[in-house]
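Okay, so here's the structure we're looking at.
Chains as they are written, first to last, in the working numbering: chain A, 10 to 474; chain B, 10 to 474.
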């Protein structure tokens, strides 16, 4: 079996168009700090009419292949995670096949994985399992997470965002899975879902969703610790991992989550809990599970106690989620990309725990072990290629009015046919794909800015254009 | 690595309500034989207002566990393939978690896989790979294929159908994968898709879809033969497999597909092609690929030549698809179930090739090797448990008028909220789940006929009811 299977390389893309949360607060007439401190968010990226989950994923996969100089013929599998459904039958993966068909490579397994923000993690596990299975043929896999998170006007709207991430999967990876260390919690619940098929917006029960998230985290952590203890013969605690990466719908929930893990350690009487923590959390030890999720005092005390550890083990993961917003399936991996950006080669030898959550609900806590790796598949090169600082710096701020106007246009366009876009790609970087047209048969057409080729130039017998 | 991983057990469910294709022909004013001979179909099963893809999958998974006496705690993974999107974010898999939550088992990986009729095959591959991977924890996996295929009034309507299939996955299986023998073809094409999100009906280009299907079959067969030849050091031909199972939107396409494979063998100068076949197919050897897909004469000649082989190697797979109709993701596995029903223990030692096709498009030709196996996981017991003959016999025929009326009601209900169904389960067998209500928040509620428990009785903190 292939060894140290995991992530060899990464690329991230987010729209260059964004709005400041502070400006949005003022525009919405919300109290000052409601979005910036209450949610813990700085900015929100969004797709204009020329971008969508397909254009973003075309961009990020093309960029991944180019920047790491991977021949498209070397790809044997491509898995996509997304909850932004543009077509209920045709997968986003089939759109990405345009990149590979040009090179005559159509023997590429994998389709779309769907369950809210967890689809990307499902896609990642599936791709890693493929490399470890007897059906692996020695080629690389690619995992794509792509989503555009938009909400109806109201309190949830500032928790939007948009991005696409591509990950190259193979053996001997600098970012390797510790597959035996994994705990999942999956359950039937209506916390966030999209049953109104004619609308892009979800139905959200924010309070329930937050409780579900924390309950799932507790349960996954319990299973995770149990598996660790069985395998290693000693107790697991927060001190046994160097960094913690959380699915981040908004940063405040990440702060609460890490505090909740510390509370778990306290309740499990972990050796890592010092006397001060014991004293401060003591009053909450008799709470029932339900009470503990509702207690604001516990929330406050555990966040206070965990603050120094949070700054060391979580804060380096929060950059992109705070600057771009909720990216659904890409959110967890954008947080991980932030860690690579902030610490890159300093991560060699470290263990990183990731918590993936998708409403509905599906959740897994899993472990990665990092090594510096060989160029081009090294931690430092991945950080260089992703160029997070450069990408954040070259964005274009929109005033809230223009953001709201864009959302209105997108509502109108959602599920529509027979229109052409403005084709205005002036704000996009060279190499970015953009939507030009949806014809009367709902077929979508894309072009590539400054590219010598478009994605739509194939002409075989099975070409439906 | 686990050995001989594959299908240990199977169960199939299809609605008891059906219409005769012959009656539908007359009702539609179509020429006699258009559906029965032209499409090669006998009957079409459909969901009434009390059934959907979720109720069918709840029924089939519950039945699988009961009939093979599998403790729900023994399940470590559950993958669902479907293209019948009821919610764009929440997976069907999370609905099925209700069965396992009752037993305290929520540590079950897997979500929904989506690409038209191929989603079930993607789910199956993912589950098999999991058992072969380092993240396997020794428990069983379950794969569910569930779909309701409905079409707008017009020529495509008689190609509908509905069913759900559940498969238990693990090592030492009577139905084992030959994972090294596999050829895929994936490509960006608009042959059948569902971009009109407010409608349950697809956009279909029937002629293009048929060409795509046959082109994908040719390409997969080419890759498959190439891999076989590399591995075995000898040419592959139709004589090297005992049975051929095809995704079956309608039986006529299955007939054409097998004939096409024989034409492939002829063009590759396979040793299995006799002189008579050579003579009959000779005139077509100079056709270009495109011409060969359009030639009615070639179609006729190759079907004629392949008829005896078709009767032996394909006909035993066609029972359920002809009687139930197109079941999308379940279609291929219903064809395979037909083979188990017809040949059961006679299949020990045989090689079966399966061709999975999903529009958009994704396709794989793969190989299974069958062994009798140990009870309850034996070929003969699987055939007994599925009781295909009993299920077909106990169905209720609807006149076309009532079928059309049901389709109208379902159109009205699609994507709707705040309604209760008739709760009329008089036609359903005991143990069948059925839809009772969709509330104002679009939450769906199900009950089980004659069951002591319903699927909706959990009451934890994360329960959104």
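Glycine included, C-beta positions come from ideal geometry on N, C-alpha and C.
Straight across, the Cα-Cα distance linking residue 348 of chain B with residue 229 of chain B is about 22 Å. Looking at B:370, B:354 and B:377, the one whose alpha-carbon comes closest to that of residue 361 of chain B is B:377.
Exposure of residue 10 of chain B is indicated by the presence of fewer than 16 other C-beta atoms within 10 angstroms of its C-beta. For residue 95 of chain A, the nearest CB of chain B lies under 9 Å from its own CB, placing it at the interface with that chain.
DSSP places residue 373 of chain A within a strand segment (E or B) once states are collapsed to three.
Look at residue 27 of chain A here: in three-state DSSP terms it is strand. Judged by their CB atoms, residue 26 of chain A and residue 34 of chain A are not nearer to each other than the 9 Å cut-off. Counting only residues of its own chain and dropping the five nearest sequence neighbours on each side, residue 343 of chain A has a CB closer than 7 Å to the CB of 21, 172, 174, 329, 330, 333 and 336.
In this structure, the CA atom of residue 244 of chain A is about 10 Å from the CA atom of residue 236 of chain A.
With the rule of 3 Cβ pairs closer than 8 Å, the stretch 89-98 of chain B does not count as touching the stretch 430-439 of chain B. In terms of Cβ geometry, residue 253 of chain B and residue 412 of chain B do not form a close pair [threshold 9 Å]. Not a single C-beta of chain A is nearer than 9 Å to the C-beta of residue 335 of chain B.
Counting C-beta pairs with one atom in each stretch, the stretch 35-54 of chain A and the stretch 424-435 of chain A have fewer than three that are closer than 8 Å, which means they do not touch. Annotation: the continuous alpha helix (DSSP H) that includes residue 394 of chain A extends over 388-395.
Per DSSP, residue 199 of chain B lies in no alpha helix (DSSP H) and is assigned neither H nor E.
In this structure, DSSP gives residue 405 of chain A an extended state, which the three-state scheme calls strand. Proximity to residue 391 of chain B across B:404, B:351, B:374 and B:368 peaks at B:351, based on C-alpha coordinates. For the pair of segments examined, the stretch 258-276 of chain B was found to touch the stretch 295-310 of chain B: the number of CB pairs separated by less than 8 Å reaches three. Taking 9 Å as the cut-off, the beta carbon of residue 149 of chain A is found closer than this to the beta carbon of residue 85 of chain A.
The DSSP assignment places complete beta strand (DSSP E) segments of no fewer than 3 residues inside the stretch 309-376 of chain A at 360-367, in order along the chain. Taking C-alpha positions only, residue 366 of chain B is separated from residue 321 of chain A by approximately 50 Å. The C-beta separation of residue 275 of chain B from residue 290 of chain B comes to about 5 Å, placing the pair in contact by the 8 Å criterion. In summary, residue 194 of chain B is buried, with 16 or more beta-carbon neighbours lying within 10 Å of its beta-carbon over all protein chains present. Runs of the alpha helix (DSSP H) lying entirely within the stretch 100-174 of chain A, each at least 4 residues long, are 101-110 and 128-141 in chain order. C-alpha of residue 39 of chain A to C-alpha of residue 47 of chain A: approximately 11 Å in a straight line. Taken atom to atom, the span from the alpha-carbon of residue 325 of chain A to that of residue 251 of chain A is near 11 Å. Partner residues in the beta bridge of residue 378 of chain A, as assigned by DSSP, are A:185 and A:360. Around the beta-carbon of residue 408 of chain A, fewer than 16 other beta-carbon atoms lie within 10 Å, marking it exposed. In the DSSP annotation of this structure, the continuous segment of the alpha helix (DSSP H) that includes residue 290 of chain A starts and ends at 284-290. Put simply, of B:217, B:296, B:216 and B:317 the residue whose alpha carbon is nearest the alpha carbon of residue 247 of chain B is B:317. By the criterion of a C-beta distance shorter than 6 Å, residue 57 of chain A is surrounded in its chain by 26 and 415, once the five residues flanking it on both sides are discounted. Within the stretch 188-217 of chain A, the residues whose Cβ lies closer than 8 Å to some Cβ of chain B are 188, 189, 191, 192, 193, 194, 195, 196, 197, 198, 199, 200, 201, 202, 203, 204, 205, 206, 207, 211, 212, 214 and 217, listed in chain order. If the five residues before and after residue 444 of chain A are omitted, its C-beta is found closer than 8 Å to the C-beta atoms of 58, 59, 60, 61, 63, 64, 430, 453, 454 and 455, all from its own chain and listed in chain order.
Nearest C-alpha to residue 69 of chain B among B:218, B:105 and B:182: B:105. Any Cβ of chain A closer than 9 Å to the Cβ of residue 160 of chain B would place that residue at the interface, and such an atom is absent. Burial state of residue 154 of chain B is buried, judged by a 10 Å Cβ sphere holding 16 or more other Cβ atoms.
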